[in-house]
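As given, the protein sequences belong to chains A and B, one line each in that order.
Reading the first sequence from the start, the letters are residues 29 to 220 in the working numbering.
Reading the second sequence from the start, the letters are residues 125 to 713 in the working numbering.
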Amino acid sequence: MSGSYDVLIVGVGGQGTILASNILGEACLIEGKSVRGAETHGMAQRGGSVETHIRIDGKFGPLISPGTADLIVSFDLLEALRYSHFLKEGGVIITNIETIIPTSAFQHDADVPGQEDILNLLSGRDVITVDAAALALEAGTILTQNVVMLGAAAPYLPLAVESLKEAVRRSVPPKTVDTNLKAFDLGRGAPE
Amino acid sequence: MATRYMLGNEVIAHACCEANIDFASGYPGTPSSEVIDILRTQDVRDFYVEWSVNEKVALENALAAAWTGVRSLATMKHVGLNVAADPLMTSAYTGVTGGLVILSADDPYAHSSQNEQDSRRYALFAKIPCLDPATVREAGAMMVEAFSLSEEFGLPVLFRPTTRICHSKSDVEPGEVGSDHRTGHFERNPQQYVVIPAHTRVLHKKLNEKQAPVARALVEKGVNTAVVKGTTGIIAGGIAASYVRELLPENVSFAKIGGYPIDPDWLAAFVGQHDKILVVEELSPVIEEAVRMVAAYTIIRGKMDGYLPHEGELDPASVASAMKKAGIIPLRDFPQVTPVPDIPRRPPILCAGCGHRSVFYAIKRVFKDGIFPSDIGCYTLGIQLGVVDTTICMGASITVGSGIYRSGEERDIVCTIGDSTFLHTGIQGLLNAVYNGANMTVVILDNRITAMTGHQPNPNTGVTATGVESPPVSLEAICRSCGATYVERVSSYDLTQCLEAMKAAKARKGVKVIIAYQPCVINARRAGIRRKSFTVDPDVCTGCKTCVRFGCPAIEFHDDKASINELCSGCSVCAQICPTGAIRMEGKK
Chain A
29 MSGSYDVLIV
39 GVGGQGTILA
49 SNILGEACLI
59 EGKSVRGAET
69 HGMAQRGGSV
79 ETHIRIDGKF
89 GPLISPGTAD
99 LIVSFDLLEA
109 LRYSHFLKEG
119 GVIITNIETI
129 IPTSAFQHDA
139 DVPGQEDILN
149 LLSGRDVITV
159 DAAALALEAG
169 TILTQNVVML
179 GAAAPYLPLA
189 VESLKEAVRR
199 SVPPKTVDTN
209 LKAFDLGRGA
219 PE
Chain B
125 MATRYMLGNE
135 VIAHACCEAN
145 IDFASGYPGT
155 PSSEVIDILR
165 TQDVRDFYVE
175 WSVNEKVALE
185 NALAAAWTGV
195 RSLATMKHVG
205 LNVAADPLMT
215 SAYTGVTGGL
225 VILSADDPYA
235 HSSQNEQDSR
245 RYALFAKIPC
255 LDPATVREAG
265 AMMVEAFSLS
275 EEFGLPVLFR
285 PTTRICHSKS
295 DVEPGEVGSD
305 HRTGHFERNP
315 QQYVVIPAHT
325 RVLHKKLNEK
335 QAPVARALVE
345 KGVNTAVVKG
355 TTGIIAGGIA
365 ASYVRELLPE
375 NVSFAKIGGY
385 PIDPDWLAAF
395 VGQHDKILVV
405 EELSPVIEEA
415 VRMVAAYTII
425 RGKMDGYLPH
435 EGELDPASVA
445 SAMKKAGIIP
455 LRDFPQVTPV
465 PDIPRRPPIL
475 CAGCGHRSVF
485 YAIKRVFKDG
495 IFPSDIGCYT
505 LGIQLGVVDT
515 TICMGASITV
525 GSGIYRSGEE
535 RDIVCTIGDS
545 TFLHTGIQGL
555 LNAVYNGANM
565 TVVILDNRIT
575 AMTGHQPNPN
585 TGVTATGVES
595 PPVSLEAICR
605 SCGATYVERV
615 SSYDLTQCLE
625 AMKAAKARKG
635 VKVIIAYQPC
645 VINARRAGIR
655 RKSFTVDPDV
665 CTGCKTCVRF
675 GCPAIEFHDD
685 KASINELCSG
695 CSVCAQICPT
705 GAIRMEGKK
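Rendered as structure tokens:
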């Protein structure tokens with residue numbers, strides 16, 4: 029046992045994985061929990077595949093090894109598949125149902141698995157899909173997809189909803205607090 | 125102070141403020157850049173901070189500041205230390221009065237680097253102390269310690285975090301920011317600061333005499349620690365020590381190396397009490413070599429006998445596997461898992477509307493059979509467009525180009541180099557190429573910023589690190605004064621202009637320079653520049669895919685037609701390349 033609850037947040041550079049990890053980190057501070065995180069900075073931001081590790085109650089290194097994540101939150105369905113081997117036996121994947129098709133796939137006529145193919149490849153896993161774009165638009169802006177996804181993940185996190193909401197308040201730009209809280213609540217109601 | 129969730133580099137920058145830093149300089153490089161970025165954007169800042177034009181300049185500036193008695197910091201990534209190696213090696217001889225800390229951030233796994241070199245080697249080579257934090261929290265405490273250590277021994281101290289320290293986060297309770305600042309005063313002392321042979325021989329002896337006391341002090345100060353628990357032990361350093369701690373069984377001894385040089389007597393005493401020792405560290409086997417040097421009868425396991433890899437970064441699972449192999453049962457078990465195969469890759473790409481892409485397109489059109497040496501920056505991603513044939517280190521596009529030309533190669537040579545990289549170490553290559561009569565084209569990709577590392581200003585930007593206006597350098601004037609006779613400036617978004625300039629360059633002999641200008645699209649957006657987006661008329665689009673091959677992330681292809689998504693920044697280049705005129709500005713017919 030690691031003693032920590034290990035969350036891998038994955039997506040495409042620019043989707044806001046770092047803000048999502050900041051919100052989880054802030055929620056840990058609110059609850060007085062120790063926390064470790066590892067992020068992707070630099071060139072990988074430019075539309076590349078990105079991963080953020082967060083170890084809630086973590087006291088040692090920040091990295092989560094393959095096969096040991098308690099939860100994967102994915103902002104892109106294809107990225108959920110790419111990182112699915114990080115999930116532990118019995119872990120949960122919460123993923124956006126949409127995929128951004130990699131530009132290189134268009135350029136080189138590469139085959140990209142469709143929604144159904146990906147869900148089939150993930151069929152042995154406990155997967156929850158979220159229509160993040162629709163809920164983010166309902167909240168007021170497409171930019172809140174990351175917070176929608178965190179809301180959807182909330183029931184699985186060892187953190188109180190109130191702590192997460194307070195963390196959202198502290199972490200997003202002041203003018204966007206209400207929209208983001210709405211996005212969080214819509215996300216929370218999303219999983220079937 | 126309240127506990128905060130802080131990035132490693134933020135903790136390091138804060139620790140510099142706690143240690144009453146007076147002077148900071150650096151050149152951006154992942155994963156080190158945020159340290160200066162955070163220092164330069166402090167609300168209250170009572171120290172000097174600059175982005176220097178390269179690492180050698182940064183270190184020489186900081187060294188001089190330390191000679192005047194102030195506390196100074198020079199930051200860079202590991203390969204930047206190669207550029208600064210010349211002053212580094214002799215700074216150990218001259219020593220310092222005020223504390224000098226050289227931060228060189230290593231990048232195991234080369235997440236965003238050209239190699240996996242180990243800065244600890246440089247510290248040993250230069251004979252200066254090196255501190256190597258194992259956690260984000262420790263990075264803060266160690267940075268404060270580094271300044272005192274530097275002043276105690278009168279030596280520069282190398283501070284060496286790795287990517288997983290710099291870009292990791294932790295709950296941290298930062299200390300109080302200091303306000304005890306000094307003003308520099310240069311005390312003339314030629315025996316120390318003029319390293320003529322007669323002086324330097326004496327200084328070398330003094331440097332050597334400091335080595336044993338420094339090594340002992342690192343043990344006395346608790347930087348290097350050891351706890352004996354059994355007949356088997358693990359010795360680890362850097363972030364690897366954190367992975368070991370998570371997995372360490374109760375009956376296994378543990379020594380943690382946080383500083384170099386390692387005291388050989390202390391190390392020998394620890395090693396000698398064990399039958400078997402496993403050494404766990406990233407990159408080079410620096411600790412392992414020291415351990416093998418002092419081990420008499422103890423079995424040593426590590427990289428050198430294949431228990432751990434020499435390349436890449438470690439993680440809890442790889443450390444656990446090495447422990448098992450060495451007969452130590454780790455506290456956690458890790459399942460053997462494999463990634464789902466054949467998932468389409470998602471590499472980083474140039475942004476939608478990046479000016480570099482259109483310049484690469486023009487190069488490819490005009491110089492079909494050309495050779496394309498390139499350099500370090502976002503534009504290295506031009507490899508995906510087939511217009512980057514070489515990249516080795518900062519500034520090496522022009523020099524590689526002239527070298528290939530002088531080898532007798534007859535094809536056209538077209539180098540690409542960014543403005544910041546050109547100012548870093550590109551100018552000398554241009555000077556040399558012109559001086560020695562090379563025949564080649566140099567394209568300076570001028571986006572007015574050091575973009576890849578997070579948009580740091582440079583002498584081409586018009587502002588300093590702290591936002592003070594400075595006269596933007598004239599790249600044309602530099603190139604002309606190097607002797608280039610053909611120097612043309614074009615807009616990166618104007619394909620016709622780019623193509624014409626390249627055709628003209630191709631037709632001439634000598635060193636030709638084309639400065640392709642367009643502000644970084646991210647910066648332009650932040651500055652409020654908005655252009656109308658473009659759209660594809662599906663009735664006119666023939667599905668020829670010319671625009672798709674252009675590789676812009678705003679262009680998609682569905683049901684045999686191209687389309688443009690919301691990433692479009694309105695650069696218009698796709699409309700210029702579309703052979704059927706199907707791409708138009710939104711709202712236009």
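We put the CB at the ideal spot given by N, CA and C, even for glycine.
Q.
For glycine 65(A), would you say it is in contact with chain B, using Cβ-to-Cβ distances shorter than 8 angstroms as the test?
A. Using a Cβ-Cβ cut-off of 8 angstroms, glycine 65(A) counts as an interface residue toward chain B, since at least one Cβ of chain B sits closer than that to its own.
(Q) Residues of chain B with CB closer than 8 angstroms to the CB of glycine 41(A), please, in chain order. (A) Within chain B, Pro472 have C-beta atoms less than 8 angstroms from the C-beta of glycine 41(A), given in sequence order.
Q: Could you tell me which residues DSSP pairs with tyrosine 33(A) in its beta bridges?
A: DSSP, once it has assigned bridges, lists Ile84(A) as partnering tyrosine 33(A).
Q. Can you pull the DSSP bridge partners for leucine 99(A)?
A. As a beta-bridge residue in DSSP terms, leucine 99(A) pairs with Val35(A) and Val120(A).
Q. Would the segment 490-501 of chain B and the segment 511-529 of chain B be scored as touching if the rule is three or more Cβ pairs under 8 angstroms?
A. With the cut-off at 8 angstroms, the segment 490-501 of chain B and the segment 511-529 of chain B touch.
Q: Check isoleucine 500(B) in the structure and name its three-state DSSP category.
A: DSSP, read as helix, strand or coil, puts isoleucine 500(B) in coil.
Q. Can you list the beta strand (DSSP E) stretches of 3 or more residues lying completely in the segment 375-444 of chain B, in chain order?
A. DSSP runs (the beta strand (DSSP E)) wholly in the segment 375-444 of chain B: 377-381, 400-404 and 423-425.
Q) Buried or exposed: cysteine 668(B), going by 16 or more other Cβ atoms within 10 Å of its Cβ? A) Looking at its Cβ environment, which holds fewer than 16 other Cβ atoms inside 10 Å, cysteine 668(B) is exposed.
**Q.** Extent of the continuous alpha helix (DSSP H) to which histidine 260(B) belongs
**A.** The amino acid occupying residue 260(B) in the given sequence is valine; histidine does not appear at that position. Membership of valine 260(B) in the alpha helix (DSSP H) is indicated by the continuous run 260-277.
Q: Starting from the Cα of aspartate 304(B), find the closest Cα among Cys140(B), Glu624(B) and Tyr503(B) and give me that residue.
A: Considering only alpha carbons, the answer is Cys140(B).
Q: Return yes when the Cβ of leucine 554(B) is within less than 8 angstroms of the Cβ of cysteine 603(B), no when it is not.
A: Yes, these two residues count as a Cβ contact at 8 angstroms.
Q: Please determine if the segment 695-704 of chain B and the segment 601-619 of chain B are in contact, where contact requires at least 3 C-beta pairs separated by less than 8 angstroms.
A: Taking one beta carbon from each stretch, the segment 695-704 of chain B and the segment 601-619 of chain B have 3 or more pairs nearer than 8 angstroms; the two touch.
Q.
Is the separation between the beta-carbon of alanine 365(B) and that of alanine 258(B) shorter than 8 angstroms?
A. It is a contact, given that the beta carbons lie within the stated cut-off.
Q: Could you tell me which residues DSSP pairs with cysteine 254(B) in its beta bridges?
A: Secondary-structure assignment with DSSP links cysteine 254(B) through a beta bridge to Leu282(B) and Tyr384(B).
(Q) Report the CB separation of isoleucine 522(B) from cysteine 539(B) in whole angstroms; it is logged as a contact under 8 angstroms. (A) About 5 angstroms; that satisfies the 8 angstroms criterion.
(Q) So, under 8 angstroms CB-CB, serine 274(B) and valine 281(B) are touching, yes? Tell me the CB distance rounded to an integer number of Å. (A) Serine 274(B) to valine 281(B), Cβ: 4 angstroms. Contact.
(Q) By alpha-carbon positions, which one of Val352(B), Gln397(B), Lys400(B) and Gly396(B) ends up nearest to lysine 380(B)? (A) When Val352(B), Gln397(B), Lys400(B) and Gly396(B) are compared, the shortest CA-CA separation from lysine 380(B) is found for Val352(B).
**Q.** Contacting positions in the segment 655-683 of chain B - beta carbon closer than 8 angstroms to chain A
**A.** Listed by position, the residues of the segment 655-683 of chain B near chain A (Cβ gap below 8 angstroms) are Val672, Arg673, Gly675, Cys676, Pro677, Ile679, Glu680 and Phe681.
(Q) What would DSSP say about threonine 540(B), mapped onto helix, strand or coil? (A) Threonine 540(B) sits in a strand when the DSSP states are folded into three classes.
Q: Anything in the segment 110-124 of chain A with a Cβ closer than 9 angstroms to a Cβ of chain B? List those residues in chain order, please.
A: Listed by position along the chain: Arg110, Tyr111, Ser112, His113, Phe114, Leu115, Lys116 and Glu117.
Q: Quickly, what does DSSP pair glutamate 79(A) with across the bridge? List them, please.
A: Val38(A), per the DSSP bridge assignment.
Q: Give the secondary structure of aspartate 206(A) by DSSP, where H, G and I count as helix, E and B as strand, and everything else as coil.
A: Aspartate 206(A) falls in the helix class under three-state DSSP.
Q.
Could you check whether leucine 163(A) and alanine 218(A) sit closer than 8 angstroms to each other, using their CB atoms as the reference points?
A. Yes, these two residues count as a Cβ contact at 8 angstroms.
Q. Of the residues that make up the segment 430-462 of chain B, which ones have a beta carbon closer than 7 angstroms to any beta carbon in chain A?
A. Within the segment 430-462 of chain B, the qualifying residues are Asp439, Pro440, Ala441, Arg456, Phe458, Pro459, Val461 and Thr462.
Q: Measure the alpha-carbon distance for aspartate 683(B) versus threonine 204(A) and round it to whole angstroms.
A: In this structure, the alpha-carbon of aspartate 683(B) lies about 37 angstroms from that of threonine 204(A).
Q) Smallest Cα separation from threonine 221(B): which of Phe277(B), Arg340(B), Val558(B) and Tyr610(B)? A) In terms of CA proximity to threonine 221(B), Phe277(B) leads the group Phe277(B), Arg340(B), Val558(B) and Tyr610(B).
(Q) Could you check whether the Cβ of asparagine 50(A) sits closer than 8 angstroms to any Cβ belonging to chain B? (A) At a cut-off of 8 angstroms between beta carbons, asparagine 50(A) contacts chain B.
**Q.** Boundaries of the alpha helix (DSSP H) in which leucine 57(A) is found, first to last residue
**A.** First-last of the alpha helix (DSSP H) with leucine 57(A): 45-58.
Q. Does the beta carbon of serine 191(A) sit closer than 8 angstroms to a beta carbon anywhere in chain B?
A. For serine 191(A), the nearest beta carbon of chain B is not closer than 8 angstroms to its own beta carbon.
Q) If you draw a straight line from the alpha carbon of asparagine 133(B) to that of glycine 383(B), how long is it in whole angstroms? A) So the two alpha carbons sit approximately 19 angstroms from each other.
Q. Whose C-beta lies closer than 7 angstroms to the C-beta of isoleucine 679(B) among residues of the same chain, with five residues either side of it excluded?
A. Same-chain partners within the cutoff: Cys671, Val672, Ala686, Ile688 and Cys698.
Q: Determine the contact status of cysteine 517(B) and valine 203(B), defining contact as a CB-CB distance below 8 angstroms.
A: Going by C-beta atoms, cysteine 517(B) is nearer than 8 angstroms to valine 203(B).
Q: For chain B, find out if any of its Cβ atoms is closer than 8 angstroms to the Cβ of isoleucine 58(A); answer yes or no.
A: Taking Cβ atoms only, chain B never reaches closer than 8 angstroms to isoleucine 58(A), which makes this a no.
Q. For glycine 426(B), does the count of other Cβ atoms within 10 angstroms reach 16, so buried, or fall short, so exposed?
A. By the neighbour-count rule (16 or more Cβ atoms within 10 Å), glycine 426(B) is buried.
Q) Is any beta-carbon of chain B found at less than 8 angstroms from that of proline 186(A)? A) For proline 186(A), the answer is no, since every Cβ of chain B falls outside 8 angstroms of its Cβ.
Q. Going straight from the alpha carbon of leucine 432(B) to that of asparagine 560(B), what length do you get?
A. Between the C-alpha atoms of leucine 432(B) and asparagine 560(B) there is a straight-line separation of about 48 angstroms.
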